[in-house]
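Everything below concerns the one structure shown next.
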C-alpha cells in the first residue's frame with residue numbers, strides 16, 4: 002500500500018503493540034483529538050513513551066494531568082528547588098498541584114516532572130555517538146522526552162524525579178556534558194553554525210561562544226544576578242540566532258569596508274533571471290536605496306548607505322559577498338516581554354576587531370563590566386535592557402566606561418545621542434574625541 006510507511010517503527014504515527022507499563026491509560030478525548038490530521042502530534046509521541054516499561058507510568062499520568070488542564074484551561078505545575086551537588090541552577094523543577102480529596106496527588110506517578118537543561122556544543126555540532134550516548138543515559142534516568150533545543154539554547158531533558166536528577170547529571174558529566182543556566186543567572190550561550198557551513202561568516206562564532214561561556218561558567222551554575230542574562234553570537238548580519246531580539250548581549254559578525262561585487266556574476270544573474278526580476282527583487286528591496294542596476298547589467302553599490310541587511314547578498318550569493326575588513330558589532334539589551342515589553346538590542350560597540358588574544362580579552366572585559374554594573378544597579382527580576390531603559394543609556398555607558406558614539410543606534414535611522422539641529426557641532430566633538 003502506498004500509505005504504509007517503509008519503516009513504520011520510525012514513523013510519527015507508530016505505537017508498539019505491546020504495552021510494557023503497568024498503568025492503564027486515562028481517558029483523554031481532548032488529547033486524542035490532537036492526533037487527527039496530517040501533521041505529527043506530540044500526543045502520539047507521549048503515548049509511545051507511556052508504553053515503555055521504566056518511566057511509562059510517569060508519562061501515563063502526565064497525559065492524565067494534561068487532559069485535566071485542557072478541560073479546566075488551567076496549569077497545575079508549581080516550581081520549587083531542585084539542584085545537583087555544587088550547583089544552584091540548571092534544573093527546572095515541576096511539582097504537581099493537582100490533589101485529590103485525600104490530599105494526595107491525583108496523578109501520583111507524575112507528581113514530579115523536572116526538566117534538566119544541558120549545554121549544547123558551540124554551533125550545535127553533534128556527532129551521532131554523542132546523541133546516542135545522551136539518549137541512552139536519559140532512557141535510564143528519565144522519561145525519554147527530549148527537546149532540541151529550548152529558547153535559551155539548551156538541550157531540554159524533560160521529565161524525571163528529584164532522585165534521578167542527580168544520577169543523570171553524574172552520568173553525563175562523567176563523559177563531558179554540563180548543565181546549562183536556569184534562574185537568575187548567566188544563561189547558556191548560543192552561536193550559529195557559522196563558517197562550518199556559511200560563507201557569509203565574519204567572525205569566529207564558536208571561539209566567541211566558548212570564551213564567554215567558559216569565563217562566566219560560575220555565574221551560570223550559581224545564580225546570583227537580578228535576573229537572566231543571555232549571550233548570543235551570530236556570524237553575520239543575517240543573525241540566525243535572533244540575537245538582536247533575544248540576547249542581553251548580542252555579538253554579530255559584520256564588515257566595515259565595501260561589499261565585494263563580482264560584476265561578471267551579476268551579469269550572469271541578470272541574464273538568467275531578467276532585469277525586471279533583479280530590479281523588483283533585489284534593487285528596490287534595498288532598505289536604503291543603496292543599489293542600482295546599470296544599463297550594461299552591472300550593479301552599482303552605494304556602500305556608504307549600506308546597512309548590512311544581507312538581502313542582496315542572500316539573493317545573489319555568487320555575485321555579492323561580505324567585505325574583507327571583518328569584525329563584530331555588539332548590541333545590548335534585547336529581550337522578550339517582561340516588565341516593559343519587547344526590546345531590540347541597542348548598538349553598544351559599532352565595530353570591534355577580533356583578530357588576536359588582546360581583542361578577545363577586551364570582549365571578555367566588556368562583558369564583565371556590563372554584568373557587574375547590571376548586578377549592582379538592576380532591580381530584582383529586571384533584565385539588563387530594562388535597567389538601561391530606567392536609568393538611561395548615557396548613565397549606563399558612563400558606568401561601564403564606554404564613550405558615547407553617534408553610531409550607537411537604538412532603531413533604524415535614529416541616533417539616541419546626536420541632536421540633528423546641532424549636527425555639525427556634535428560631529429566635530431565626536432571627531433575631536435576620536436582624534437584624541
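Residue numbers (the numbering used here): 2 to 437. C-beta: ideal position from N, C-alpha, C; glycine also. As the structure is a computational prediction, the values presented were derived from the model and not from experiment.
Neighbourhood of residue i by C-beta, 7 Å cutoff - its chain only, sequence neighbours within 5 removed
i: residue 426; result: none
i: residue 424; result: none
i: residue 107; result: 99, 100, 101
i: residue 434; result: 404
i: residue 54; result: 21, 22
i: residue 248; result: 231, 232, 233, 335, 346
i: residue 217; result: 187
i: residue 381; result: 227
Residues of its chain near residue i, where Cβ-Cβ distance is below 6 Å and the 5 sequence neighbours each way are ignored
i: residue 371; result: 401
i: residue 182; result: 90, 188, 189, 221
i: residue 289; result: 306, 308
i: residue 223; result: 89
i: residue 171; result: none
i: residue 379; result: 227, 388
i: residue 17; result: 52
i: residue 386; result: 334, 336, 344
i: residue 348; result: 332, 409, 410
i: residue 209; result: 234, 252
i: residue 350; result: 331
i: residue 2; result: Because residue 2 sits at a pLDDT of 44, beneath the cut-off of 50, its placement in the model cannot be relied upon, and the point is left open.
Under 7 Å between C-beta atoms of residue i and residue j
i: residue 142; j: residue 125; result: no
i: residue 186; j: residue 236; result: no
i: residue 1; j: residue 119; result: Shown here, the chain extends from 2 to 437; a query on residue 1 therefore has no answer.
i: residue 313; j: residue 321; result: yes
i: residue 292; j: residue 279; result: no
i: residue 81; j: residue 27; result: no
i: residue 323; j: residue 203; result: yes
i: residue 76; j: residue 70; result: yes
i: residue 113; j: residue 96; result: yes
i: residue 384; j: residue 339; result: yes
i: residue 110; j: residue 162; result: no
i: residue 1; j: residue 341; result: Residue coverage of the chain in this structure runs from 2 to 437, which leaves residue 1 outside it and unanswerable.
i: residue 374; j: residue 317; result: no
Neighbourhood of residue i by C-beta, 8 Å cutoff - its chain only, sequence neighbours within 5 removed
i: residue 360; result: 353, 354
i: residue 295; result: 301
i: residue 43; result: 35
i: residue 33; result: 44
i: residue 363; result: 353
i: residue 151; result: 118, 157
i: residue 376; result: 225, 226, 227
i: residue 50; result: 56, 57, 60, 144, 145, 146
i: residue 148; result: 156, 157, 159
i: residue 325; result: 256, 258, 261
Under the three-state DSSP convention, the category residue i falls into
i: residue 16; result: coil
i: residue 2; result: Residue confidence is low: residue 2 scores 44 on pLDDT, short of 50, so the model does not pin down where it sits. No coordinate-derived value is stated.
i: residue 191; result: strand
i: residue 251; result: strand
i: residue 432; result: helix
i: residue 353; result: strand
i: residue 230; result: strand
i: residue 403; result: coil
i: residue 425; result: helix
i: residue 82; result: coil
i: residue 74; result: coil
i: residue 1; result: Residue 1 lies beyond the stretch modelled for the chain, which goes from 2 to 437, so this question has no answer here.
i: residue 55; result: coil
i: residue 221; result: helix
i: residue 371; result: helix
i: residue 23; result: coil
i: residue 99; result: coil
i: residue 256; result: strand
i: residue 105; result: coil
i: residue 141; result: helix
i: residue 118; result: strand
Cβ separation of residue i and residue j, assumed to be a contact under 8 Å, to the nearest whole Å
i: residue 56; j: residue 145; result: 7 Å
i: residue 409; j: residue 245; result: Residue 409 to residue 245, Cβ: 14 Å. No contact.
i: residue 138; j: residue 173; result: 5 Å
i: residue 58; j: residue 24; result: 4 Å
i: residue 116; j: residue 158; result: 7 Å
i: residue 298; j: residue 274; result: About 11 Å separates the two Cβ atoms, so there is no contact after all.
i: residue 154; j: residue 191; result: 4 Å
i: residue 257; j: residue 123; result: Their Cβ separation, rounded to whole angstroms, is 25 Å, which puts residue 257 and residue 123 out of contact at 8 Å.
i: residue 72; j: residue 37; result: So it is not a contact: roughly 18 Å between Cβ atoms.
i: residue 201; j: residue 243; result: With a Cβ gap of about 16 Å, residue 201 and residue 243 do not count as contacting.
If contact is defined by three or more beta carbon pairs under 8 Å, each pair taking one atom from either stretch, is the region 322-337 in contact with the region 242-257?
yes
Is the region 262-273 touching the region 224-234 in the sense that three or more CB pairs, one from each, lie closer than 8 Å?
no
Sufficient close CB pairs (3 or more, under 8 Å) joining the region 71-91 to the region 129-147:
no
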